[in-house]
Structure formats: C-alpha cells, structure tokens
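In what follows, a structure is listed as structure tokens, so that the remarks can point back to it.
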Amino acid sequence: MKKTWNGPLNKIDDYRWEIPQNYSSGMRVPGMIYASKELLDKIRLDQAPEQVANVAFLPGIVKRSFAMPDIHWGYGFPIGGVAATSVDEGVISPGGVGFDINCGVRLIRTDLTVDEVKPKINILINELFRVIPSGVGSTGKIRISFSELRKLLKRGAQWAVEKGFGWEDDIIFSEEEGCMEGANPELVSQRALERGKPQLGTLGSGNHFLEIQEIDKVYHQNIADKLGLKKGNISIMIHTGSRGFGHQVCTDYLLSMQKAVAKYAIHLPDRQLACAPVKSSEGKNYYAAMACAANYAWANRQCIMHWTREAFAKTFKANSHELGMRLVYDVAHNMAKIEEHQYLGKKTTLCVHRKGATRAFSPRHPDIPKRYQEIGQPVLIPGDMGRCSYCLVGTDKAMKETFGSTCHGAGRMMSRTFARKQARGRNIQKELLEKGIVVKAGSSGVLDEEMSDAYKDVNEIVEVMHQTGISQKVVRMKPLGVIKG
Amino acid sequence: MNKYKIIEHTADIGIHVTGKNLKDIFVNSAEGMFKIIIGECQYLNKEDFIYKILLTAENREALLFAWLNELLFLSETQLVIINQFKLIKLTDYYLEAEVRGVKMNRLKHRIEKEIKAVTYHCLEIRKDKKEDVLTARVIFDI
Chain W
2 MKKTWNGPLN KIDDYRWEIP QNYSSGMRVP GMIYASKELL DKIRLDQAPE
52 QVANVAFLPG IVKRSFAMPD IHWGYGFPIG GVAATSVDEG VISPGGVGFD
102 INCGVRLIRT DLTVDEVKPK INILINELFR VIPSGVGSTG KIRISFSELR
152 KLLKRGAQWA VEKGFGWEDD IIFSEEEGCM EGANPELVSQ RALERGKPQL
202 GTLGSGNHFL EIQEIDKVYH QNIADKLGLK KGNISIMIHT GSRGFGHQVC
252 TDYLLSMQKA VAKYAIHLPD RQLACAPVKS SEGKNYYAAM ACAANYAWAN
302 RQCIMHWTRE AFAKTFKANS HELGMRLVYD VAHNMAKIEE HQYLGKKTTL
352 CVHRKGATRA FSPRHPDIPK RYQEIGQPVL IPGDMGRCSY CLVGTDKAMK
402 ETFGSTCHGA GRMMSRTFAR KQARGRNIQK ELLEKGIVVK AGSSGVLDEE
452 MSDAYKDVNE IVEVMHQTGI SQKVVRMKPL GVIKG
Chain D
32 MNKYKIIEHT ADIGIHVTGK NLKDIFVNSA EGMFKIIIGE CQYLNKEDFI
82 YKILLTAENR EALLFAWLNE LLFLSETQLV IINQFKLIKL TDYYLEAEVR
132 GVKMNRLKHR IEKEIKAVTY HCLEIRKDKK EDVLTARVIF DI
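Below you can see the structure in the form of structure tokens.
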C-alpha cells in the first residue's frame, strides 16, 4: 500500500520546498514543506506530500498548505500539517484536528537533580505506573456524574484545579489557560459523554506517555533561566489527549460534515477532509463541541500532573512545592483555533488548523503568559522514548511565516506492524535499560511499535525549525524513565 | 479467499476485506477490526453479551462506517469483546444485526491495541469484477 511520492517539490532554500499550485487543478494555494534534504527523502517515501496538496483544496485556505518536518501520512490531513482558513470565506475541518482532539504535551520543571532521582528511578516509575491509569481500556479513578462532566467540558483544567487537582498557578501556564472559550456541552452526543466519563485521568495507549527526563543540554541560557530549566535538573513530560471523548466528538462531526460537503457543494479529493464553512451552523457546532474535547484533554493532563506530583512527593518525602514542581507550559498539537494574524498587511481573523503541529507564538504576543512575554511561548517537542525531547520557544518569524506554528514531535517512519517485525528477536525494554532508561508499559507490543527506530530523529526535525528561525532551541531533555500505555 | 488482510499505514492500521456479498463485507470487517483489537483468539467460547443493533445511513460506505463505530462504542463502553456478528437485514441504507461477545476479564483477556476510531480515509466498497467478489478498505486511527 505504501508507495513513493514522485510529485514536484521545488526548492525555495535548504529547508523549504514548494508543491506548486498547478500540481493539481483543485489547489487554491501552493503547498510548503519544511525539511532538510535528508528528511525530504524520507517524507517522499509515503503519500504525505499528496495530502499536503489535498489540504490546499479547502475553501478559504490562505497562503500555503504547510507541512512541518515531522510530517507523515495521516488520513485526510497529513500529520504535521498546518492550514489557516479565512473565517469569512473558509471552512473548518474535523479532519484538520484529528480524532484525538487537543492531544498535547505538558512539561513540569523540578528542583531535583539527576543525582537525586537516578537512584530512585525504579521506585518512581513503579509508583507512577500504579497511580496513573494507562493502557488500553483503562478507566480512571475519578468518579464523576454526567452533570459534573458537563461542567468540566466548559471549564477544562480550571475545573480540575477547583476540585483540588493542582495549584492555582497551573492554569496560567497553559495554552488558553487550559480552557477554551465557546465550549457547549449541549452540542456533544450522549455517546461522547458515555465514553468520556469513565476515562478522565487516564493516559491511554499508543504513543502517549509520561516521562521523567534529565535536562542535558542548554542552548539559550537566559530563556532557560526564565523557564526555570537548569542543566542537570529533572523535568517531567506528559503526553496525552481527550481519550474516547474526543474520538467520539470527531466521529460524530465527521458524519455531519459529510452532509455539509454536499449541502455547500464543496469539492474535496478525500472524504476525510470533510468540512463546513466556519460560520455555518455545522461549522460553529463542531467548533463548540471540539472546544469541549479540548477542555476534557486539559483537565485530563491536569489530573495526571497532580498524581505525578503526589508520586514525587511520596518518594522524596517532601511536598511538591518544596520540590519546585511548577508547570512550565502545556501545548495542544491537534486543534483548530480562531486567531488573529497579520495577513497581506492587515489584521485578519483566521481558523488555524494544527494537526500534529504546535502553536509557537512570539514574544510580546497577548495570548502568552506575562512571565513569558519577553521570551515567547514555550514549545514542547517530545521525541521517541530512546532519544530526547526539546523545549523551544516561538518567534516573530513563526508569526510571519507559519501563522505561529511549528513541529510537534519526531514523526513516525515505520508503520506499527513493520516496527513489530523489525523488533522481532529484540528486547526493547532491555535495550533501553542498557542506555539507562527505565521503561514500563502495559504490553511489550507497545514498546516494539514505539521503539526509536520507528521514528525519525527528533534532533533533525528540531534543527530544521531552529535553522529556519521558526522556533528557537532552549533545552534538550534525555529520558530516564518512561511509562507507556 | 482471505476474509480480511491487515494492511500497513505509517501511523495507523487498516484492513482489506473480501466477501461474496455485502453481508460478508460487514461481518468480515467486524472480525478484522476485533482481530486488531485482541490479536490472537483468547477464551472467547462463552458468550455472555448480546446486543441488537439497528442503523441507517445514506450509502453503504457510510453504513459500514456507522457499523464499525457502533461496535467500537459498545466494546469500549460495555468492556466487551464482540466475536459473533449476525446480520438479520442489510441493504445499502439499513442494517439490523444481533451481535454476541464476551465481557472482558483482565485476568483472561489481553487487549492488543486500542482503536480510537474508524476513519473515512480511503473508505470504499467495490466490486472486483475479475474475481466476482466485493472488496472493502477501512483505515483505523490508533
């Protein structure tokens, strides 16, 4: 099924490659892929570039159909795609967000050093694995009623903090302060509520994880200081999303969007791109339901962070404040947002779809916390469990070029079945242990599928964003311990 | 004739389904989907879950999408593995089925993979004239 893409990719410079608008007659704008020559060769191995071209068909899309260097083949949109549409003439597409609405990452700093944590890494990982439900079909420890769930859907991480799952300050350090405006639980199906209710506070499976990391390299001392990230200290990264709740919201609205495509006579090359005008009732309803799922995800990550703090507090016999376990930031990487951007010399309201892409706002942007006004928005890039992760910050260049968007991770290279075949006869857990990384997972199958070799090298991805000036490298983190679903 | 074949997709997984008629396509798709979820067959001989499904859709692809989503929803919310699919009535727009399965027991059953959703990507049911069979392709988000 996998075949190489041989379409045109015109070189703009060493890191920018354009799919010309005349490649396909329905394209409304050109496509633009950010990649090094080496990464581009890998990107061509599947049909992701074709999907970049397909996204350019969306009515009202402006400037370019963008793809970040971690782009890989998705369904409809490529993963690693960014598309901004005009709010007045454009569409919103659930496919441009994905099933795991507001899948995202949060990073917690600590005052703990690697020397303090390393001797206790096994205890910590076991404790985290015990207190944070993970894996397939996992259900949470929080029992809530449907009416409480509806409140959560409106309030996001703020709901969790009010219920005692976190510090008051936490919400400041999150995209949208952990709560998307305009969420309307009335527009969410009973099925989504039923799937979401038992799963609050669960990590899920697949590529979701919780990782204890060592900050091993600092690229920009001043910014790292402002973020509270110090070489040799420990940070914790949480990667998960809106679980079955978000999956159901997307499924429900894909159906209503299929009808909208016919109603508004929209021509699309792939049904998974189904969409509706941003201002139509279908478009507005999807946005309000998507916002509920986004809020669910923020509450989910907030609860998981709370138990992480408790696990550390228990292990180090100190409270989490004393350990300096402050939230650095929380970013979404599957989302559509209504944002104001400078476009063609004037302020324009756009619907920015980021599917497997991260918002990367510049210094002095009104939507980022006061504390980070001078440095720009923290951007959290998880790598695979055997290599490293990064914290970057957004730049003015990102605002000008990509509507304040950057990459989101390493990007898969092998399919999961192929990765399993490659891992046959190997013991991935043991291999990681030999590298000093303790991993605990629900099944060994997950570890095989998620092994380093299945991913592109995150260092190469981040380097592209750094070299193009779309984001600025701040620190690198190496995994010490990982729990996987 | 293989009832279904699991196919590769970089980030996701799919099935290529073959059947003599539409009923076969629906049953084989469901079997393929649960094969991805549970892997090799495990103690599924004592069914203790039974459920009736009624669905309508605008065309047969949309009906297949709805059918697989319905089974996923049941499996996730009722914590069951469904392994028997009896289609009582099936047209391009309407489906009536009775499904049976086994309530999950963490000690006995192990779930291989969580399927987040059925996608519309490349979703198609078509006639293979050469072989005189129907085929379908479904990609799942995992």
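Residue numbers (the working numbering), protein chains in the order written: chain W, 2 to 486; chain D, 32 to 173. Where a beta carbon is used, it is the ideal one built from N, C-alpha and C, also for glycine.
Coarse secondary structure for residue i, derived from DSSP in three states
i	result
Tyr124 of chain D	coil
Asn234 of chain W	strand
Trp74 of chain W	strand
Thr241 of chain W	strand
Lys318 of chain W	coil
Asp217 of chain W	strand
Glu19 of chain W	strand
Ala337 of chain W	strand
Thr86 of chain W	strand
Lys134 of chain D	strand
Gln473 of chain W	strand
Gln374 of chain W	coil
Ile369 of chain W	coil
Ile156 of chain D	strand
Ile102 of chain W	coil
Pro492 of chain W	There is simply no residue 492 of chain W to check, as chain W begins at 2 and stops at 486 in what is shown.
Ser48 of chain W	Looking at the sequence shown, residue 48 of chain W is not Ser but Gln. In the structure shown, Gln48 of chain W sits in coil (DSSP, three-state: anything other than H, G, I, E or B).
His342 of chain W	strand
Glu39 of chain W	helix
His209 of chain W	coil
Gly68 of chain W	Looking at the sequence shown, residue 68 of chain W is not Gly but Ala. Correct three-state label for Ala68 of chain W: strand.
Asn11 of chain W	strand
Phe171 of chain D	strand
His248 of chain W	helix
Met326 of chain W	coil
Lys398 of chain W	helix
His354 of chain W	strand
His140 of chain D	coil
Lys161 of chain D	coil
Environment of residue i [buried if 16+ CB atoms lie within 10 Å]
i	result
Asn90 of chain D	exposed
Met32 of chain D	exposed
Phe147 of chain W	exposed
Ile124 of chain W	exposed
Gly346 of chain W	exposed
Asn335 of chain W	buried
Gly357 of chain W	buried
Ser236 of chain W	buried
Ala266 of chain W	exposed
Asp252 of chain W	The sequence given here has Thr at residue 252 of chain W, not Asp. Thr252 of chain W should be labelled buried.
His322 of chain W	exposed
Asp89 of chain W	exposed
Glu169 of chain W	exposed
Ser379 of chain W	At residue 379 of chain W the sequence reads Pro, which differs from the Ser that was named. With 16 or more other Cβ atoms within 10 Å, it is buried.
Arg192 of chain W	buried
Leu434 of chain W	exposed
Lys158 of chain D	exposed
Arg65 of chain W	buried
His248 of chain W	buried
Integer Cβ distance of residue i from residue j, believed to fall under 8 Å
i	j	result
Ile102 of chain W	Met291 of chain W	6 Å
Gly207 of chain W	Ile173 of chain D	6 Å
Gly202 of chain W	Gly242 of chain W	Going by Cβ atoms, the distance from Gly202 of chain W to Gly242 of chain W rounds to 13 Å, so no, they are not a contact pair.
Ile72 of chain W	Ala49 of chain W	5 Å
Leu95 of chain D	Ala42 of chain D	Incorrect: roughly 22 Å between the Cβ atoms, too far for contact.
Ala289 of chain W	Gly105 of chain W	Actually they are not in contact, since the Cβ atoms of Ala289 of chain W and Gly105 of chain W sit about 19 Å apart, beyond 8 Å.
Phe80 of chain D	Lys134 of chain D	6 Å
Glu107 of chain D	Gly245 of chain W	6 Å
Contact test: residue i Cβ vs the ligand ZN heavy atom, cutoff 7 Å
i	result
Ile369 of chain W	Ligands in the displayed structure: none, and consequently the ligand ZN is not present.
Could you tell me whether the segment 139 to 156 of chain D touches the segment 259 to 274 of chain W, where touching means 3 or more Cβ pairs closer than 8 Å? By the Cβ rule, the segment 139 to 156 of chain D counts as touching the segment 259 to 274 of chain W, because three or more pairs are nearer than 8 Å.
With three or more beta-carbon pairs closer than 8 Å as the criterion, would you say the segment 379 to 399 of chain W touches the segment 449 to 466 of chain W? yes
With three or more beta-carbon pairs closer than 8 Å as the criterion, would you say the segment 345 to 365 of chain W touches the segment 392 to 412 of chain W? Pairwise C-beta distances place the segment 345 to 365 of chain W in contact with the segment 392 to 412 of chain W, as three or more of them are shorter than 8 Å.
Note down, one range per segment and in chain order, each alpha helix (DSSP H) of at least 4 residues found wholly within the segment 55 to 124 of chain D. 91 to 109
Any 3 or more C-beta pairs closer than 8 Å across the segment 263 to 276 of chain W and the segment 81 to 101 of chain W: Touching, per the Cβ criterion.
My parser needs the alpha helix (DSSP H) runs of 4 or more residues fully inside the segment 123 to 198 of chain W; what are they? 147 to 156, 158 to 163 and 191 to 197
Ordered list of alpha helix (DSSP H) runs contained in the segment 400 to 471 of chain W, each at least 4 residues: 417 to 424, 429 to 435, 445 to 450 and 459 to 468
Using a Cβ distance threshold of 8 Å, determine whether the segment 391 to 401 of chain W contacts the segment 457 to 472 of chain W, with at least three qualifying pairs required. yes
Can you find at least 3 beta carbon pairs, one from the segment 128 to 136 of chain D and one from the segment 106 to 116 of chain D, that sit closer than 8 Å? Yes, the segment 128 to 136 of chain D is in contact with the segment 106 to 116 of chain D.
Would you check if the segment 54 to 64 of chain W and the segment 22 to 32 of chain W touch, i.e. whether three or more CB-CB distances between them fall below 8 Å? yes
Please confirm if the segment 212 to 231 of chain W is in contact with the segment 372 to 379 of chain W, defined as three or more CB-CB distances below 8 Å between the two stretches. yes
I'd like to know if the segment 303 to 321 of chain W and the segment 102 to 113 of chain W are in contact, where contact means that at least 3 CB-CB pairs between them fall below 8 Å. yes
The segment 148 to 162 of chain W / the segment 177 to 188 of chain W touching (three or more Cβ pairs under 8 Å): yes
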